[in-house]
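K.L.:
Protein chains in written order, with UniProt numbering: chain F, 1 to 610; chain X, 1 to 142.
Given below as structure tokens:
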């Protein structure tokens with residue numbers, strides 16, 4: 001009849017045609033739907049109450065009390081009550097098939113606010129040292145009008161500059177002094193913006209709005225890896241989900257088609273141009289995401305019915321990636337090609353390289369590590385059960401998308417991060433599969449949904465361990481920020497800046513002019529010498545210092561916390577270094593505050609030179 | 001009432017005027033530049049490329065327009081500024097002029113006609129099961 005024999009024309013039509021919001025279309029039902037039931041009123045009242053309690057809970061939080069469990073141990077009971085209430089309200093909303101999409105949106109945005117805006121509201125400065133580093137890169141791009149010279153390890157940002165160039169452009173267009181102001185709000189804003197392509201992706205699979213919003217809730221309940229700060233990864237991930245949603249929407253099995261639509265299974269030219277445009281932005285912004293995109297498109301092209309849609313998208317992504325890697329990113333690729341090939345031959349080492357060295361970590365961090373690993377395992381286990389128990393999901397591309405990051409996981413360690421990134425890229429699809437498993441409206445749907453309340457709470461419990469558990473090292477006081485700024489402002493070009501770890505706000509400001517040494521990244525012998533005798537251990541790194549090009553040693557609260565949490569160096573290393581430098585000759589304290597101290601060293605022959 | 005396409009076509013030039021004549025960091029300049037860079041080029045591009053008719057004019061179409069508006073705006077900005085920076089020819093004016101021109105062209109050219117269109121409604125969809133409310137999975141396949 002002029003239609004392609006696709007899944008959605010046959011038995012699968014129920015999937016796409018399950019659009020009527022409640023059974024029957026008679027006037028009785030419509031009249032009944034206009035009455036607001038007590039359950040609906042409860043679901044509507046719980047949301048504002050939960051959000052109000054959450055805001056009240058943030059009034060008096062002692063951030064100085066963070067140790068092994070980060071924010072978990074300082075957030076008041078009221079915060080947890082608010083989170084539990086929010087979850088309960090969402091469950092109540094799910095039990096009613098007449099709940100409007102706006103209420104679901106309110107609940108999911110409320111969850112995003114509670115999880116991701118809490119650190120932003122509590123912390124006085126930008127959270128997480130890598131976010132500070134990326135702010136410094138934007139600053140360097142503006143100062144150098146593009147490519148940053150002498151970038152050393154940060155030269156990778158010159159070769160995938162999309163995110164940084166975009167921010168440099170935005171800052172100059174607006175005339176803002178620094179990206180710090182909006183970088184602080186990146187986690188809640190990014191997660192809120194990500195919700196839109198996520199919903200679009202889920203709408204390509206079903207038109208059941210409770211399932212769609214349930215999938216979104218599961219996604220945000222399990223997204224513990226924290227790749228939502230001011231970074232190219234967050235930007236590229238947003239674009240990645242959009243590309244996947246566009247491709248899934250074009251597949252012949254897409255639920256976006258209405259009954260009666262002609263399924264062309266070919267790209268309209270205009271939409272394909274837009275797709276290629278977004279692919280280009282991904283490819284020039286981040287080294288890993290294009291590989292994840294290629295992998296996702298390859299697995300989506302496995303079913304024959306998808307190929308007319310997926311192969312053109314795969315071809316354009318492949319050509320753009322190859323062109324970029326052969327031109328702009330060629331220096332990085334040629335320098336690291338041997339490492340890539342070596343990694344390919346050691347897939348087992350890549351898979352385990354991101355796991356923490358638990359033996360040296362403090363007890364609380366061992367618990368945190370096991371909880372976030374358990375959550376990750378539970379996500380994949382539930383997704384696998386969904387695959388077995390809900391045969392209809394097999395016809396969607398989602399199970400393939402869960403598996404898509406695996407080839408990349410075995411191919412490269414990505415500095416020990418790959419296992420977490422693979423989880424991140426698998427999560428959108430896995431979250432929907434879990435929703436399909438859990439939110440099944442069979443007999444007694446209300447009882448069933450309320451029974452899920454403890455499970456949703458358990459998922460959120462796992463999330464907060466992974467997301468909040470390391471905040472002691474991610475949080476910076478104003479005096480630490482002042483120390484970092486003092487260093488950036490006073491260190492002359494050519495200086496060496498030595499720190500125990502990278503958790504120093506502003507450490508990378510003017511990174512194109514100074515050399516940085518992180519002691520926790522040195523060889524094991526160097527670290528042992530440092531622990532044995534801090535002054536002797538520092539010598540190899542500061543011996544070239546002169547009055548014109550001095551060395552600075554910065555010691556701060558967050559570095560002590562980081563050292564303690566990660567166990568790379570003994571927990572008391574900072575105190576030992578500080579005591580030794582106070583007695584050692586040639587180390588002049590040039591900045592001291594409650595949470596940070598900066599020493600200058602300009603060689604033993606020059607006297608103090610201050 | 002001014003049609004949206006004309007608002008989009010002029011938005012880039014208004015942002016350029018704000019950036020040129022208003023002080024750094026001023027509220028109006030930040031608002032004008034942000035609104036343009038984050039929304040307008042993408043809306044113009046998605047308007048140009050839209051398959052006709054959109055998905056039933058339902059919320060999905062609105063959602064898709066919103067997603068594409070933001071994502072394509074950021075992608076177009078990346079497409080403009082990265083080559084300028086890599087070739088050492090970046091200036092704010094050049095980048096904004098390029099983006100404003102692209103936005104104007106996309107907003108004013110006629111929309112593309114897509115292939116996704118409705119089949120004649122006269123054709124009965126005989127074998128299609130009726131909708132099962134809130135039951136996304138087909139029972140037959142269970």
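From the three backbone atoms N, C-alpha and C, an ideal C-beta is built for every residue, glycine too.
Please classify residue 324 of chain F: is it buried, with 16 or more other beta-carbons within 10 angstroms of its beta-carbon, or exposed?
P.N.:
Classification of residue 324 of chain F: buried, given that the 10 Å Cβ count is 16 or more.
K.L.:
State the Cα-Cα distance for the pair residue 521 of chain F and residue 501 of chain F, rounded to the nearest angstrom.
P.N.:
So the alpha carbons of these two residues sit roughly 8 Å apart.
K.L.:
Between residue 274 of chain F and residue 45 of chain X, what straight-line distance do the alpha-carbon atoms span, to the nearest angstrom?
P.N.:
C-alpha separation (whole angstroms): 8 Å.
K.L.:
In the DSSP assignment, what are the bridge partners of residue 518 of chain F?
P.N.:
Answer is F:499.
K.L.:
Within 10 angstroms of the Cβ of residue 583 of chain F, are there 16 or more other Cβ atoms? Answer buried if so, exposed if not.
P.N.:
By the 10 Å Cβ count, residue 583 of chain F comes out exposed.
K.L.:
Does any C-beta atom of chain X lie closer than 7 Å to the C-beta of residue 284 of chain F?
P.N.:
Closer than 7 Å: yes.
K.L.:
Any heavy atom of the ligand MN within a distance shorter than 6 Å of the CB on residue 579 of chain F?
P.N.:
Within the structure as shown, the ligand MN is missing, as the structure has no ligands at all.
K.L.:
What separation, rounded to the nearest whole angstrom, lies between the Cα atoms of residue 163 of chain F and residue 334 of chain F?
P.N.:
Cα-Cα distance, rounded: 23 Å.
K.L.:
In the structure shown, what three-state DSSP assignment does residue 493 of chain F receive?
P.N.:
Residue 493 of chain F: coil per DSSP, three-state reduction.
K.L.:
At the 7 Å Cβ level, is residue 63 of chain X part of the contact set with chain F, yes or no?
P.N.:
Closer than 7 Å to some Cβ of chain F, the Cβ of residue 63 of chain X qualifies, so yes.
K.L.:
For residue 114 of chain F, collect the residues of the same chain with a Cβ closer than 7 Å to its Cβ; drop the 5 residues on either side in sequence, then sort them by chain order.
P.N.:
Result list for residue 114 of chain F: 54, 82, 83 and 86, in chain order.
K.L.:
Between residue 225 of chain F and residue 293 of chain F, which are expected to be in contact by the criterion C-beta below 8 Å, what is the C-beta distance as a whole number of angstroms?
P.N.:
At roughly 18 Å, the Cβ-Cβ gap does not stay under 8 Å, so residue 225 of chain F and residue 293 of chain F are not in contact.
K.L.:
Going by the CB atoms, is the gap between residue 94 of chain F and residue 210 of chain F shorter than 7 Å?
P.N.:
Yes.
K.L.:
So what's residue 590 of chain F in DSSP terms, helix, strand or just coil?
P.N.:
In the structure shown, residue 590 of chain F sits in a strand (DSSP, three-state: E or B).
K.L.:
Tell me where the beta strand (DSSP E) around residue 598 of chain F begins and ends.
P.N.:
That run of the beta strand (DSSP E) goes 596 to 601.
K.L.:
Taking the alpha-carbon positions, what's the residue 351 of chain F to residue 49 of chain X distance?
P.N.:
Unreliable placement is indicated for residue 351 of chain F, whose pLDDT of 48 sits below 50; the coordinate value is still reported in the next sentence. Approximately 42 Å between the Cα atoms of the pair.
K.L.:
Is the shortest distance between the beta-carbon of residue 49 of chain X and the beta-carbons of chain F less than 7 Å?
P.N.:
True, the Cβ-Cβ gap to chain F drops below 7 Å.
K.L.:
Just by C-beta distance, which residues in the region 186 to 202 of chain F are closer than 8 Å to chain X?
P.N.:
Answer in chain order: 193, 196, 197, 199 and 200.
K.L.:
CB residue 223 of chain F to CB residue 460 of chain F, shorter than 7 Å?
P.N.:
In this structure, residue 460 of chain F does not lie closer than 7 Å to residue 223 of chain F by Cβ.
K.L.:
Helix, strand or coil: which one does DSSP assign to residue 554 of chain F?
P.N.:
It is a strand residue.
K.L.:
Taking 7 Å as the CB-CB limit, is residue 337 of chain F close to chain X?
P.N.:
It does not; no Cβ of chain X falls within 7 Å.
K.L.:
Kindly list, in the order they appear in chain X, the residues whose Cβ is closer than 8 Å to that of residue 280 of chain F.
P.N.:
Correct list: 75, 78 and 79.
K.L.:
Let me confirm a value: residue 26 of chain X is counted as buried when at least 16 other C-beta atoms fall within 10 Å, else exposed. Which label applies?
P.N.:
The residue in question, residue 26 of chain X, is exposed, as its Cβ has fewer than 16 Cβ neighbours within 10 Å.
K.L.:
For residue 316 of chain F, tell me which candidate among F:137, F:298, F:302 and F:557 has the shortest Cα-Cα distance.
P.N.:
If we check each option's Cα against that of residue 316 of chain F, F:298 comes out closest.
K.L.:
Is the Cβ of residue 230 of chain F closer than 7 Å to any Cβ of chain X?
P.N.:
So no, residue 230 of chain F is outside the interface.
K.L.:
To the nearest angstrom, how far is it from the Cα of residue 439 of chain F to the Cα of residue 196 of chain F?
P.N.:
So the two alpha carbons sit approximately 21 Å from each other.
K.L.:
Taking the alpha-carbon positions, what's the residue 272 of chain F to residue 67 of chain X distance?
P.N.:
Distance between the alpha carbons of residue 272 of chain F and residue 67 of chain X is about 16 Å.
K.L.:
In the DSSP assignment, find the alpha helix (DSSP H) that holds residue 155 of chain F and state where it starts and stops.
P.N.:
Segment: none, residue 155 of chain F is in no alpha helix (DSSP H) and carries neither H nor E.
K.L.:
To the nearest whole angstrom, what separates the beta carbons of residue 362 of chain F and residue 567 of chain F, a pair I think is in contact under 8 Å?
P.N.:
Contact flag correct, Cβ pair sits at about 7 Å.
K.L.:
When the Cβ atoms of the region 63 to 77 of chain X are set against those of the region 588 to 598 of chain F, are three or more pairs found closer than 8 Å?
P.N.:
Segments in contact, no.
K.L.:
For a contact defined as C-beta to C-beta under 8 Å, what are the partners of residue 399 of chain F on chain X?
P.N.:
Here the premise fails: no neighbours, minimum Cβ distance about 14 Å.
K.L.:
Comparing C-alpha positions only, which one of F:393, F:475 and F:218 sits nearest to residue 109 of chain F?
P.N.:
Minimum Cα distance to residue 109 of chain F is reached at F:218.
K.L.:
Which word fits residue 160 of chain F, buried or exposed, when buried means at least 16 other C-beta atoms lie within 10 angstroms of its C-beta?
P.N.:
With 16 or more other Cβ atoms within 10 Å, it is buried.
K.L.:
At a Cβ cut of 8 Å, what residues of the region 171 to 184 of chain F count as close to chain X, listed as they run along the chain?
P.N.:
Here the close residues are 172, 173, 174, 175, 176 and 177.
K.L.:
For residue 19 of chain X, go through chain F and note every residue whose CB falls closer than 9 Å to its CB, in chain order.
P.N.:
Neighbours of residue 19 of chain X on chain F, chain order: 172, 173, 174 and 175.
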